[in-house]
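Going by our numbering, the sequence shown opens with residue 62, and the numbers climb by one from there.
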Amino acid sequence: MNHNDTDAAYSLDAFADTYAEHPEILAEVLNIFLAETPEKLASLHKAIGEKDLPAAVRVAHSLANTTGTLKANRALRAARAVESVARAGDVEAARVATDDLSSELNRVIEVIREAIQ
């Protein structure tokens, strides 16, 4: 896979390459992501449902940071989209963008779970 292809489905390779000499850090980061992401996603859905856009911006920003660290570019773009439309005050667009982000994050989670089995 070409690590520069930002439209490719998620591959753990680019992130794993960064920590090739420190597999314990790689494992810890992935386990934290798997533990925290569903909670963050639930918080994001709750914030959107309650029309609490400032909270949605905070959670989306946190997810953008995390997905950026993992080099999950599609999920990163989706998180930034949520952050952007929530910041603009567009609840419906934030809801749609959150659904897109959920799909991308679920793909990333699936890839990680398969990789660490």
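From the three backbone atoms N, C-alpha and C, an ideal C-beta is built for every residue, glycine too.
Predicted model only: the values in this text are computed from it and were never measured.
Item to complete: Would you kindly report the start and end of the unbroken alpha helix (DSSP H) that includes ALA186?
Response: Nothing can be reported for residue 186, as the shown portion of the chain is limited to 62 through 178.
Discussion item. Residues in the same chain with beta-carbon distance under 7 Å from ALA147, minus the five sequence neighbours each way, listed in chain order, please.
Written reply: LEU114, ALA117, VAL118, ALA121 and ALA155
Fill in: GLU85 (DSSP reduced to helix, strand or coil)
helix
Practice prompt. Return helix, strand or coil for SER123, following the three-state DSSP convention.
Written response: helix
Worksheet item: How far does the alpha helix (DSSP H) with SER164 in it reach, from first residue to last?
Response: 152-177
Worksheet item: Does any residue of chain D bring its CB to less than 8 Å from the CB of GLU100?
Response: Of the protein chains in this structure there is only one, and it is not chain D.
Worksheet item: Would you call ARG135 buried or exposed, if buried means 16 or more other Cβ atoms sit within 10 Å of its Cβ?
Response: buried
Worksheet item: Taking DSSP as the reference, what is the three-state secondary structure of ASP113?
Response: coil
Fill in: Three-state secondary structure assigned by DSSP to SER72
coil
Item to complete: Tell me whether the beta-carbon of LYS132 lies closer than 8 Å to the beta-carbon of ALA75.
Response: yes
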